[in-house]
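Participant: Take a look at this one; I'll ask things after.
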Amino acid sequence: MKAKLGMSPIAWWNDDLAELSDDVSLEECLRQSRSAGFTGMEMGRRFPNDPAVMLPILKKADVTLCGGWFSGTLVDEDMGKNKDRIQPMIDLFKAVNAPCIVYGEVGRSIQGDRSKPLATKPKLTSDEMKAYARRLTEFGEWCAEQGMPLSYHHHMAAVVETEPELDAFMRHSGDGIPLLLDAGHLAFAGGDVLRAIDNHHKRISHVHVKDVRMAVIDGLDRTKQSFLDAVALGAFTVPGDGSLDFGAIVQRFADHGYEGWFVVEAEQDPKKNPPLKMAQVGHKELIRVMTAAGYTVETQGFPNA
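In the UniProt record's numbering, the protein residues as written are 1 to 305.
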């Protein structure tokens, strides 16, 4: 089985918490990640939107674009507005041969609002969840028809956060909207990562290997502290530096025959946890557990063709 290892630039620049950002260029971010062994990088705010500009940067760094976040609003906003907003991203991602766009729901979400405690996260009624899941399926099918599949990201402080919410979303949605399984977000939400892989492996198309520091999460007062407070306190980290057993997690993916991207997405304070060092720790741990699980990790970055 083959696997590819990527990173998210959120370890270098945090879009929601400016104070958790290193003043490094895109080129230096890519250089550090590639030097640690990663062959892919998801899109961040310092990436150019013109493929003619982006491709030479990726080629020079020997890195491929392995995904990127789209802030969707289908829980509240109509399909047409989301299609209009995502179309330029579809065109860009097709031009640079990215595997997927990561759909993150920001409608009603409190993930970017530091004044909103975790306990006040939005919740959908059963009927709302059914309707939402149907809309996402239709939207995912449309994006795939345009030549760029989506991968749905369940997320802390959003409408699909907990394992029961994820189960409900998956039950009422269809194959047209594949799933991004994020170990860190599911563990933070109190879910069972291995059970979620077992339940939804047929729809998983992209994986975020985010680790958590459970001591930080267990110490939160969710009636007073927000998602961004948790991030600033160090709730997330890379595999090999946190509380999750990625040996068991990666083995479970292998058991179900998953092949594709495993992306380290670990937002934390770069001054306390230097991104290059964290990238090296995460890569070393992933190579260890993936080798044990029988994966062959691809080492080629930017395609030769």
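Beta carbons: idealized from backbone N, C-alpha and C, even for Gly.
Taking just the CA atoms, how far does residue 16 sit from residue 269?
Facilitator: Distance between the alpha carbons of residue 269 and residue 16 is about 12 Å.
Participant: For residue 264, which residues in the same chain have their Cβ closer than 6 Å to its Cβ, ignoring the five residues on either side in sequence?
Facilitator: Correct list, in chain order: 7, 209, 238, 282.
Participant: With a threshold of 8 Å, are at least 3 pairs of Cβ atoms found where one atom belongs to the stretch 168-182 and the other to the stretch 211-227?
Facilitator: Judged by Cβ distances under 8 Å, the stretch 168-182 makes no contact with the stretch 211-227, as fewer than three pairs qualify.
Participant: From residue 251 to residue 205, what distance separates their C-alpha atoms?
Facilitator: In a straight line, the C-alpha of residue 251 is about 16 Å away from that of residue 205.
Participant: Evaluate residue 259 with the Cβ neighbour count: other Cβ atoms within 10 Å of its Cβ, from every protein chain shown; 16 or more gives buried, anything less gives exposed.
Facilitator: Exposed: under 16 other Cβ atoms inside 10 Å.
Participant: Who are the Cβ neighbours of residue 215 in its own chain at under 6 Å, not counting the five residues just before and after it?
Facilitator: Same-chain partners within the cutoff: there are none.
Participant: Please state if the CB of residue 292 and the CB of residue 38 are separated by a distance shorter than 8 Å.
Facilitator: No; because the gap between Cβ atoms is not below 8 Å, this pair is not in contact.
Participant: Thinking C-alpha only, which one of 242, 10, 155, 203 is nearest residue 212?
Facilitator: The residue with the shortest Cα to Cα distance from residue 212 is 242.
Participant: Check this for me: beta carbons of residue 302 and residue 4, under 8 Å apart or not?
Facilitator: No, these two residues do not count as a Cβ contact at 8 Å.
Participant: Roughly how many angstroms lie between the CA atoms of residue 233 and residue 220, to the nearest whole one?
Facilitator: Straight-line Cα distance between these residues: approximately 9 Å.
Participant: Buried or exposed: which applies to residue 267, given that a residue is buried once 16 or more other Cβ atoms fall within 10 Å of its Cβ?
Facilitator: Buried, because 16 or more other Cβ atoms sit within 10 Å of the Cβ of residue 267.
Participant: Along the chain, which unbroken stretches of the alpha helix (DSSP H) at least 4 residues long are found entirely within the stretch 184-271?
Facilitator: List check, alpha helix (DSSP H) in window: 193-200, 214-218, 227-233, 246-255.
Participant: By how many angstroms is the C-alpha of residue 290 removed from the C-alpha of residue 247?
Facilitator: Whole-angstrom Cα-Cα distance: 8 Å.
Participant: Can we say the stretch 106-116 touches the stretch 142-157, given the rule of at least three CB pairs closer than 8 Å?
Facilitator: With the cut-off at 8 Å, the stretch 106-116 and the stretch 142-157 touch.
Participant: Is the separation between the beta-carbon of residue 32 and that of residue 276 shorter than 8 Å?
Facilitator: Cβ atoms of residue 32 and residue 276: closer than 8 Å.
Participant: To which residues of the same chain is residue 46 closer than 8 Å at the C-beta, ignoring the five residues directly before and after it?
Facilitator: Within the same chain, residue 46 has close Cβ partners 9, 13, 25, 26, 29.
Participant: Evaluate residue 126 with the Cβ neighbour count: other Cβ atoms within 10 Å of its Cβ, from every protein chain shown; 16 or more gives buried, anything less gives exposed.
Facilitator: Result: exposed.
Participant: For the beta strand (DSSP E) that contains residue 102, what are its first and last residues?
Facilitator: Start and end: 101-105.
Participant: Enumerate in chain order the residues of its own chain whose CB-to-CB distance from residue 92 is below 7 Å, with the five nearest sequence positions on each side excluded.
Facilitator: Closer than 7 Å at Cβ, skipping near neighbours: 49, 51.
Participant: In the DSSP assignment, find the unbroken beta strand (DSSP E) run with residue 182 in it and report its ends.
Facilitator: That run of the beta strand (DSSP E) goes 179-182.
Participant: Would you mind sorting residue 102 into buried or exposed? The rule is 16 or more other CB atoms within 10 Å of its CB.
Facilitator: When all chains shown are included, residue 102 counts as buried.
Participant: Could you compute how far the alpha carbon of residue 199 sits from the alpha carbon of residue 185?
Facilitator: So the two alpha carbons sit approximately 17 Å from each other.
Participant: With DSSP collapsed to three states, give me the class of residue 125.
Facilitator: DSSP places residue 125 in coil when its eight states are reduced to three.
Participant: Please report the distance separating the alpha-carbon of residue 223 from that of residue 191.
Facilitator: For residue 223 and residue 191, the distance between alpha carbons rounds to 19 Å.
Participant: With residue 154 as the anchor, note down where its alpha helix (DSSP H) starts and where it stops.
Facilitator: Segment: none, residue 154 is in no alpha helix (DSSP H) and carries neither H nor E.
Participant: Using 10 angstroms around the beta-carbon of residue 36, count the other beta-carbons present and answer buried if the total reaches 16, otherwise exposed.
Facilitator: It counts as buried.
Participant: Could you check what DSSP says for residue 137 in three-state terms: helix, strand or coil?
Facilitator: Helix.
Participant: The beta strand (DSSP E) with residue 5 in it runs from where to where?
Facilitator: Unbroken beta strand (DSSP E) run through residue 5: 2-7.
Participant: Buried or exposed: residue 121, going by 16 or more other Cβ atoms within 10 Å of its Cβ?
Facilitator: Buried, since its Cβ has 16 or more Cβ neighbours within 10 Å.
Participant: Please return the same chain residues whose Cβ sits closer than 8 Å to the Cβ of residue 322, not counting the five positions on each side in sequence.
Facilitator: The chain is shown from 1 up to 305; residue 322 falls before or after that span and cannot be answered.
Participant: In the structure shown, what three-state DSSP assignment does residue 289 receive?
Facilitator: Residue 289 falls in the helix class under three-state DSSP.
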